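Asks:
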Amino acid sequence: MFDIRGKVFLAPMAGFTDKVFRRLCSRFGADVTVTEMVSSKALVLGSTKTKELISFSQEEKIRGVQIFGSDPEVMAQAAEILQDEFEYDFIDINMGCPVPKLVKSGEGCALMKNPSLASRIVERVAKVSRKPVSVKIRKGFDEESINAPEFAYILQESGASFVTVHGRTRKQLYSGKADWEIIRKVKERLKIPVVANGDITDFESAKRVYEITGADSIMIGRAALGNPWVFLQIKEGFEKGYVETEVLPHMKIRVAIEFFRQLCIEKGEKMAVLEARKHLSFFVKGIENAAKIRDKINRIDKATELLEFLEELVFSLEKKESFVDNML
Ligand SMILES: Cc1cc2nc3c(=O)[nH]c(=O)nc-3n(C[C@H](O)[C@H](O)[C@H](O)COP(=O)(O)O)c2cc1C
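Each step along the sequence shown adds one to the number in full-length UniProt numbering, with nothing skipped, and position 313 is 313.
#1: What span of residues does the alpha helix (DSSP H) with Q77 cover, start to end?
#2: Just to confirm, are G221 and M13 a CB contact at a threshold of 7 Å?
#3: Nearest-angstrom Cα distance between N147 and R168?
#4: Tell me whether I220, by its Cβ, gets closer than 6 Å to a heavy atom of ligand 1.
#5: Measuring only the C-alpha atoms, how far is P115 from D3?
#6: CB I54 to CB V65, shorter than 7 Å?
#7: M219 bridges to which residues according to DSSP?
#8: Please look up how many angstroms separate the CB atoms of F68 and L24, rounded, as I've assumed it's under 8 Å.
#9: With a 10 Å radius around its C-beta and 16 neighbouring C-beta atoms as the bar for buried, classify L274 as buried or exposed.
#10: Looking at the secondary structure, which residues open and close the beta strand (DSSP E) in which Q66 lies?
#11: Report the three-state DSSP secondary structure of L287 (helix, strand or coil).
#12: With distances taken between CB atoms, is the gap from C109 to R170 smaller than 7 Å?
#13: Could you please give me the residues that DSSP links to N94 through a beta bridge?
#14: Residue range of the beta strand (DSSP E) that F16 falls in?
#15: How about P78 and L45: do their beta carbons lie closer than 7 Å?
#16: Given this structure, state the Cα-to-Cα distance separating E266 from R184, to the nearest angstrom.
#17: Helix, strand or coil: which one does DSSP assign to S105?
#18: Of the choices A303, E258 and Y242, whose alpha-carbon is the least far from that of M271?
#19: Which runs of the beta strand (DSSP E) fall wholly inside the region 16-48 and span at least 3 residues, in chain order?
#20: Run through the region 241-317 for me and flag every whole alpha helix (DSSP H) of 4 or more residues, listed as ranges in chain order.
#21: Can we count H166 as close to ligand 1, meaning its CB is less than 6 Å from some heavy atom?
#22: Could you please give the first and the last residue of the uninterrupted beta strand (DSSP E) stretch that includes R168?
#23: Over what stretch of residues does the alpha helix (DSSP H) that includes Q156 continue unbroken?
#24: If you run the structure through DSSP and keep just helix, strand and coil, what is Y174?
#25: Given this structure, state the Cα-to-Cα distance separating A126 from E73, to the nearest angstrom.
#26: For G15, which residues from the same chain have a beta carbon less than 8 Å from its beta carbon, with the 5 sequence-adjacent residues on both sides left out?
#27: With respect to the alpha helix (DSSP H) encompassing G119, which residues constitute its N-terminal and C-terminal limits?
#28: Does DSSP put Q233 in a helix, a strand or coil?
As structure tokens, then:
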């Protein structure tokens, strides 16, 4: 098995962490990348759309496929399909997703309320899988039922190779602050490696989360959107003790252009324009006139036009002139 310790993960994010974005983050230093969550039922039913979510790029180093579901047999069948048809390094089971549709079916974070079923799922999947099986959990379902340490211990005993903990409850969704103390408690309880997740945004927070939790690795989600540099800067920080790399607005747009070109190759121009909008709104964050730029981007529906606009934007940013206004 690959060593999961000392790694920086890109978090699975449905609607964002497709192959093109995972490749970009890998090029900027993400050691581990995970697919968007994939339905075990859909995999078993042979959905081609679902299978499309599982292709990886050459640049990705350690590759995880995340599956969700609540039926141990279906989850095990999905794991068998994965290993027959795909190349990857580990299977991650989603026990943290807060989305009502999943929770109502007893999937995602609802499994934290049902440790015996969660245990059976991990046992069955680990039994059929030749690759390591990890689980991604939250702090608990709600403040009244915080159980990450005990729950994670059960997962370990059921055969999980490592556990990722997002320090928020299901009820919190993404609000409030992630609780890193609970991650420390999970770490103290387990023998297997623990990956800390939630509110790690830069080198300083990465350093603090290691200090507080004693975790083996860290996982970055939202801070990577429009900002793949976060991986490079965190690594640079740990190597040199400080971060030297500064990200200037024109650099962001240059990378966004390359990202958009890759999206066009991978998904076709029409789909690429639609998909690019959500990513570009993160890439332009913090740039002067960001709201106007976003608005303009959202009104462009041709790839060539979008590329032209982005090239002009780079040009104007590079010149450090504020004639962005004139272009809008
Ligand atoms: C848009 C979005 C989609 C997400 N999709 C998934 C998912 O498919 N599977 C999963 O386990 N977590 C998912 N998450 C949760 C993240 O993996 C991560 O746990 C969370 O964002 C906290 O980390 P952060 O503070 O670094 O963003 C998603 C989060 C966001 C913002």
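A virtual CB, placed ideally from N, CA and C, is assigned to each residue, including glycine. Just so it is clear, the structure is predicted and the values come from calculations on it, not from any experiment.
Replies: The short version:
#1: Counting from 1 along the sequence shown, the entry for residue 77 is found at position 77. Residues P72 to E85.
#2: Counting from one through the sequence shown, the residue named residue 221 turns up at place 221. Counting from one through the sequence shown, the residue named residue 13 turns up at place 13. Result yes, Cβ atoms of G221 and M13 sit closer than 7 Å.
#3: What you label residue 147 is simply residue 147 of the sequence shown in a count that begins at 1. What you label residue 168 is simply residue 168 of the sequence shown in a count that begins at 1. C-alpha separation (whole angstroms): 11 Å.
#4: Your numbering for residue 220 matches position 220 in the sequence shown. Indeed, a heavy atom of ligand 1 lies less than 6 Å from the Cβ.
#5: If you number the sequence shown from 1, residue 115 lands on position 115. If you number the sequence shown from 1, residue 3 lands on position 3. So the two alpha carbons sit approximately 27 Å from each other.
#6: Position 54 of the sequence shown holds residue 54. Position 65 of the sequence shown holds residue 65. Result yes, Cβ atoms of I54 and V65 sit closer than 7 Å.
#7: The residue given as residue 219 occupies position 219 in the sequence shown. Looking at the DSSP assignment, M219 forms a beta bridge with F9 and N197.
#8: Against the sequence shown, residue 68 aligns to sequence position 68. Against the sequence shown, residue 24 aligns to sequence position 24. With a Cβ gap of about 25 Å, F68 and L24 do not count as contacting.
#9: Taking the first residue of the sequence shown as position 1, residue 274 is located at position 274. So L274 counts as exposed.
#10: Reading the sequence shown from its first residue, position 66 is the one you call residue 66. Residues I62 to F68.
#11: As a position in the sequence shown, residue 287 is number 287, starting the count at 1. What sits at residue 287 in the sequence shown is Ile, not Leu. Here I287 sits in coil by DSSP.
#12: In the sequence shown, residue 109 corresponds to position 109, counting from 1. In the sequence shown, residue 170 corresponds to position 170, counting from 1. Yes. Within cutoff.
#13: Numbered from its first residue, the sequence shown carries residue 94 at position 94. The partner list for N94 (beta bridge, DSSP) reads K136.
#14: In the sequence shown, the residue the question calls residue 16 occupies position 16. Note, F16: premise wrong, no beta strand (DSSP E); not H, not E.
#15: The residue labelled residue 78 in the question sits at position 78 within the sequence shown. The residue labelled residue 45 in the question sits at position 45 within the sequence shown. Note that residue 78 corresponds to Ala in the displayed sequence, not to Pro. Against a cut-off of 7 Å, the Cβ pair of L45 and A78 comes out as no contact.
#16: In the sequence shown, counting from the first residue as 1, residue 266 sits at position 266. In the sequence shown, counting from the first residue as 1, residue 184 sits at position 184. C-alpha separation (whole angstroms): 40 Å.
#17: Reading the sequence shown from its first residue, position 105 is the one you call residue 105. DSSP places S105 in coil when its eight states are reduced to three.
#18: Sequence index remark: in the sequence shown, residue 271 carries index 271 (1-based). Nearest C-alpha to M271: A303.
#19: 32-34
#20: 249-267, 269-283 and 290-299
#21: As a first step, residue 166 is located in the sequence shown; it is residue number 166 there, counting from the start. For ligand 1, at least one heavy atom lies less than 6 Å from the Cβ of H166.
#22: As a working note, residue 168 is residue 168 in the sequence shown. It spans F162 to T169 - the beta strand (DSSP E) in which R168 sits, taken as one unbroken run.
#23: Indexing the sequence shown from 1 puts residue 156 at position 156. Counting along the chain, the alpha helix (DSSP H) containing Q156 begins and ends at A148 to S158.
#24: Start at 1 with the first residue of the sequence shown, and residue 174 comes out as number 174. Note: Y174 maps to coil in three-state DSSP.
#25: What you label residue 126 is simply residue 126 of the sequence shown in a count that begins at 1. What you label residue 73 is simply residue 73 of the sequence shown in a count that begins at 1. Going from the Cα of A126 to the Cα of E73 covers about 12 Å.
#26: Start at 1 with the first residue of the sequence shown, and residue 15 comes out as number 15. Within the same chain, G15 has close Cβ partners E36 and K278.
#27: Here residue 119 corresponds to residue number 119 of the sequence shown, with the count starting at 1. Correcting the residue type first, residue 119 is Ser in the shown sequence and not Gly. Looking at the DSSP string, the run of the alpha helix (DSSP H) that includes S119 is P115 to V128.
#28: The residue you call residue 233 lines up with position 233 of the sequence shown. Note: Q233 maps to helix in three-state DSSP.
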